[in-house]
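K.L.:
There's a structure below that I have some questions on.
Number of protein chains: 2
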Amino acid sequence: MARIVMKFGGTSLADIRCIRNVLCHVKREVDLGHEVAIVVSAMAGTTNQLVSWTQDIADLYNFREYDVVVSSGEQVTAGLLALMLQAEGMNARSWMGWQIPIVTDSVYGCARIKSIDPSKLLKGFQHGQVAVIAGFQGMSFDGNITTLGRGGSDTSAVAIAAVIKASRCDIYTDVDGVYTTDPRIESKARRLSRVAFEEMLEMASLGAKVLQVRSVELAMVHKVRIFVRSSFDMGSASARAEGDFVGTLICDEEEIVEQQFVSGIAFAKDEAQISLRRLADKPGVAAAVFASLAEENINVDMIVQNISEHGATTDMTFTVSSSDLERAVNILERSCHKVICDDLQFESGLAKVSVIGIGMRNHAGVAATAFKALSEKGINIRAITTSEIKISILIDNAYTELAVRILHSVYHLDKE
Amino acid sequence: MARIVMKFGGTSLADIRCIRNVLCHVKREVDLGHEVAIVVSAMAGTTNQLVSWTQDIADLYNFREYDVVVSSGEQVTAGLLALMLQAEGMNARSWMGWQIPIVTDSVYGCARIKSIDPSKLLKGFQHGQVAVIAGFQGMSFDGNITTLGRGGSDTSAVAIAAVIKASRCDIYTDVDGVYTTDPRIESKARRLSRVAFEEMLEMASLGAKVLQVRSVELAMVHKVRIFVRSSFDMGSASARAEGDFVGTLICDEEEIVEQQFVSGIAFAKDEAQISLRRLADKPGVAAAVFASLAEENINVDMIVQNISEHGATTDMTFTVSSSDLERAVNILERSCHKVICDDLQFESGLAKVSVIGIGMRNHAGVAATAFKALSEKGINIRAITTSEIKISILIDNAYTELAVRILHSVYHLDKE
């Protein structure tokens, strides 16, 4: 007997037929004698509909009321799934964020969980009760409804798993795991059986949209093992009995015995670069530039700055998403470039391709392999940034698919 | 300056365009300096959709979860309307039932309000804040979501008006008031400018579906003046300034200076009658009959029992809705008729037509006028029941419209 969290996304709860399918997964775990907490998203499409209504009303809305509106979708699916489990003879009840409570800060629209009281859930387990928890939502200290940002149900699930000390957090979604790269681009992409938290963080933030980034951060901190699997895979009879399903386990790197030095190739299209030429090379300059962008909620991604040649000026390049480019340039022209730099250049239509793997810490030459492979195909590298477990390369949008396939092949990701 | 409650039904909140219309009504009252609490229903159709999902899952569902699901619609409209008011520069916030709280008993699906704490709402008024309250929902003593039954938002509105001591409770709906009878049947039907609570209770339960019956009961007990008006009537400029709108005020009979002896003609089609012949005329018999029906949730309406001729047996007739007839007959045959009565007769396809007016207390001959008018048109009267302010007559379904028009005319309801 174990205690587990099962999280179901919107496509797994899209209609009553889908919810019946979810029931089968839950019944299997309950029949195995597990204590089960379920976290649900809203039905696919519901949250978008709710968000679009708020947008029809006003561009700059009050996020307190936004949260009231958009959190309602999870209330519906939690109630419906609890009903379904009861109809099947199971002891189950729904829980809203405010009933547990899941206490968050008051940053409406993107709140962070501050604490969760597990006592009511644990008491329910003692009575054999399955908890069906509305994901995505919480309650602020002063009793207001909050939401955790898009994809926040993943974070709800991991946070619940942490406080009830679950042995596993199963994320049921419409894909059957995490792949070495996007299978729509590289048909030889392989499902990874295990991925380290750190790798998943890089993959998630780079566009492998399986899990909300924050949920992975939280899982890493609290050592919550996440198993990503498809809700449409019911498994063979023998697999069902053993709980042995197809999927990807996201876990501590110590659990990954045979580390590959590269685990996956991620990419993000439609990036834009901004270069500040002959920037004054003195303390506070970078802070001024990025603070002005952050104030307007523009996310800056790759940042490249070289050591200045004569100690006087330097060039700095960074990327933003193409849709933010015009706003970013306006802000920079208005607020700072005349004071601190000579010239401002920008270009959109770029893509970032990243090579990720915890194994590269201990392997020399991983970056060189990438550069060589790309250059052989005539792909021009605009900029490079690296971290301990990631190499990111900025190229023209048009070469994205080609670059992904080359890198996938050169690191032998198509082979077990 | 006054304190008022404004309640908007589902057709008044059907989409963003309708909600903009609601905004105009609210803005007018706020601009007049009033303290405003708004109670909203779900968007038209939403609650039906939510109910049908619960029915797709199971026939006999747990009403605790039913309430979780169906209460979500009001959460959405409360949030959206608050957003809309804020976008217009007003100070507004939404309130869920559990946030105020509106405390109810635990009869899920049809809970009754036990108490409402007005303190948070009153504090908001002090800061010029408009309260946008999700109708239909409350919270049980032990922190579960409850709902007040279909049409429950009317009851929410009246209950809020009572506890905040509002001077008026405006019910905005898709009709512009209460009529002397259904205008689809009698084109000469007139809107009543004032109706006494008692009259409205009889009209509501008889099919003039403007207000939930419980809301009128509550209003009568707490002397909450209800003004029923159309949300689509924006009034002329001068009417707007004076707050002088078309509608019907439902109030204490003392406020009705010139009482008509008849105020309206109500009707209910598709009734069925059940007659128990030669019923034992002794204590406990009627109780046994009706208890067995009540247990199965069959509503009994008109009940007629004559004084027995020889003190031994009597005949009793009562009506149920046609859709309940078969179940009712089965119950009676199974449980009691052999013991206590000789024969059980029944017939469906009947209609009940009622003449309602607080004035008839002080006027003789009201009933005689009705009987004479009907007999002149050859309409056979099956049964009659009367109360202080109502005469109900059971006739064949086919004569319903004719009877309504005759009675409407004979009591001069088409004239001011």
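Protein chains in written order, with the numbering used here: chain A, 1 to 416; chain B, 417 to 832. All C-beta atoms, glycine included, are put in the ideal place defined by N, C-alpha and C.
In chain A, what lies closer than 7 Å to Cys492 of chain B by C-beta?
P.N.:
It should be pointed out that residue 492 of chain B corresponds to Val in this sequence rather than to Cys. Chain A residues near Val492 of chain B: Leu50, Val69 and Ser72.
K.L.:
Starting from Tyr595 of chain B and walking both ways along the beta strand (DSSP E), at which residues does that stretch end?
P.N.:
No beta strand (DSSP E) holds Tyr595 of chain B; DSSP gives it neither H nor E.
K.L.:
At least one CB of chain A closer than 8 Å to the CB of Glu481 of chain B: is that the case?
P.N.:
yes
K.L.:
What beta strand (DSSP E) runs, 3 residues minimum, are completely inside the stretch 505–556 of chain B?
P.N.:
508–511, 518–520, 529–532, 546–550 and 553–556
K.L.:
Since Asp472 of chain B meets chain A, which of its residues come closer than 8 Å, beta carbon to beta carbon?
P.N.:
Here the neighbours are Ile16.
K.L.:
Excluding sequence positions up to five away, which residues of its chain have a Cβ less than 6 Å from the Cβ of Val561 of chain B?
P.N.:
Note that residue 561 of chain B is Ile in the sequence shown, not Val. For Ile561 of chain B, same chain residues with a beta-carbon under 6 Å away, outside a window of 5 residues either side, are Asp483, Val484 and Ser487 in chain order.
K.L.:
Just mark Glu615 of chain B as buried or exposed, buried being the case when its beta carbon has 16 or more other beta carbons within 10 Å.
P.N.:
buried
K.L.:
Between the stretch 105–124 of chain A and the stretch 148–158 of chain A, can you find at least three pairs of beta-carbon atoms closer than 8 Å?
P.N.:
By the Cβ test, the stretch 148–158 of chain A is in contact with the stretch 105–124 of chain A, since at least three Cβ pairs between them sit closer than 8 Å.
K.L.:
Just checking, does the stretch 493–505 of chain B make contact with the stretch 542–561 of chain B on the three C-beta pairs under 8 Å criterion?
P.N.:
yes
K.L.:
What residue from B:Ser803, B:Ser457 and B:Ile822 has the CA that sits closest to Cys372 of chain B's CA?
P.N.:
Because chain B in this structure spans residues 417 to 832, residue 372 of chain B falls outside the shown range and cannot be described.
K.L.:
Taking the beta carbon of Arg777 of chain B as the centre, do at least 16 other beta carbons fall within 10 Å, making it buried, or is it exposed?
P.N.:
exposed
K.L.:
Do you know how far the Cα of Val594 of chain B is from the Cα of Ser770 of chain B?
P.N.:
Straight through space, the alpha carbons of Val594 of chain B and Ser770 of chain B are spaced by roughly 15 Å.
K.L.:
What is the C-beta distance between Glu442 of chain B and Ile454 of chain B, in whole angstroms, given that I count them as a contact (C-beta under 8 Å)?
P.N.:
Note on identity: in this sequence residue 442 of chain B is Val, with Glu being the wrong assignment. That pair is a contact at about 6 Å.
K.L.:
How about Val632 of chain B and Thr664 of chain B: do their beta carbons lie closer than 8 Å?
P.N.:
no
K.L.:
Going by C-alpha distance, which of A:Ala373, A:Gln75, A:Ser375 and A:Leu121 is nearest Gln137 of chain A?
P.N.:
A check of alpha carbon separations from Gln137 of chain A across A:Ala373, A:Gln75, A:Ser375 and A:Leu121 identifies A:Gln75 as the nearest.
K.L.:
Kindly say whether Leu537 of chain B, judged by its beta-carbon, lies nearer than 8 Å to any beta-carbon of chain A.
P.N.:
Among the residues facing chain A, Leu537 of chain B is not included, as its CB has no counterpart in that chain under 8 Å away.
K.L.:
What residue range does the alpha helix (DSSP H) around Asp447 of chain B cover?
P.N.:
Ile432 to Asp447
K.L.:
Leu496 of chain B CB to nearest chain A CB: under 8 Å?
P.N.:
yes
K.L.:
For Asn62 of chain A, return the contacting residues in chain B, with the cut-off set at a CB-CB distance below 7 Å.
P.N.:
Within chain B, the residues near Asn62 of chain A are Leu499 and Gln502.
K.L.:
If you follow the alpha helix (DSSP H) that Ala291 of chain A is in, where does it begin and where does it stop?
P.N.:
Ala291 of chain A -> alpha helix (DSSP H) spans Val285 to Glu295.
K.L.:
Nearest CA to the CA of Cys24 of chain A: which residue from A:His222, A:Met90 and A:Asp105?
P.N.:
A:Met90
K.L.:
Is the beta carbon of Ile356 of chain A closer than 8 Å to that of Arg327 of chain A?
P.N.:
no
K.L.:
Within 10 Å of its beta-carbon, does Gln542 of chain B have 16 or more other beta-carbons around it, so buried, or fewer, so exposed?
P.N.:
It is exposed - the Cβ of Gln542 of chain B has fewer than 16 other Cβ atoms within 10 Å.
K.L.:
With a cut-off of 8 Å, does the C-beta of Gly559 of chain B fall near any C-beta of chain A?
P.N.:
yes
K.L.:
Under three-state DSSP, which class holds Phe318 of chain A?
P.N.:
The answer is strand: DSSP assigns Phe318 of chain A an E or B state.
K.L.:
Does DSSP put Gln502 of chain B in a helix, in a strand, or in coil?
P.N.:
In this structure, Gln502 of chain B counts as helix in the three-state DSSP scheme.
K.L.:
Less than 8 Å between the beta carbons of Val300 of chain A and Leu293 of chain A, yes or no?
P.N.:
Yes, Cβ-Cβ distance for Val300 of chain A and Leu293 of chain A is below 8 Å.
K.L.:
Determine the burial state of Glu255 of chain A: buried for a count of at least 16 other Cβ atoms within 10 Å of its Cβ, exposed for fewer.
P.N.:
exposed
K.L.:
Can you find the residues in the same chain that come closer than 7 Å, C-beta to C-beta, to Arg480 of chain B, ignoring five residues on each side of it along the sequence?
P.N.:
Tyr524 and Asn560
K.L.:
Counting only the same chain and skipping the five closest in sequence on each side, list residues whose C-beta sits under 6 Å from that of Gly149 of chain A.
P.N.:
Cys110
K.L.:
Pop quiz: Cys585 of chain B and Val421 of chain B are said to be a contact at Cβ under 8 Å. What is the actual Cβ separation, rounded to whole angstroms?
P.N.:
With a Cβ gap of about 4 Å, Cys585 of chain B and Val421 of chain B count as contacting.
K.L.:
Please list, in chain order, all residues of the same chain as Leu402 of chain A whose beta carbon is under 8 Å from its beta carbon, the five residues on each side excluded.
P.N.:
Lys377 and Ile379
K.L.:
Please name the residue, chosen from B:Ala728, B:Ile576 and B:Thr493, that lies closest to Ile432 of chain B on a Cα-to-Cα basis.
P.N.:
Comparing Cα positions, the closest option is B:Thr493.
K.L.:
If contact means a Cβ-Cβ distance below 8 Å, which residues of the stretch 500–533 of chain B contact chain A?
P.N.:
Met500, Gln502, Ala503, Arg509, Ser510, Met512, Trp514 and Gln515
K.L.:
Pull up the distance between the alpha-carbon of Thr385 of chain A and that of Ser409 of chain A, whole angstroms please.
P.N.:
21 Å
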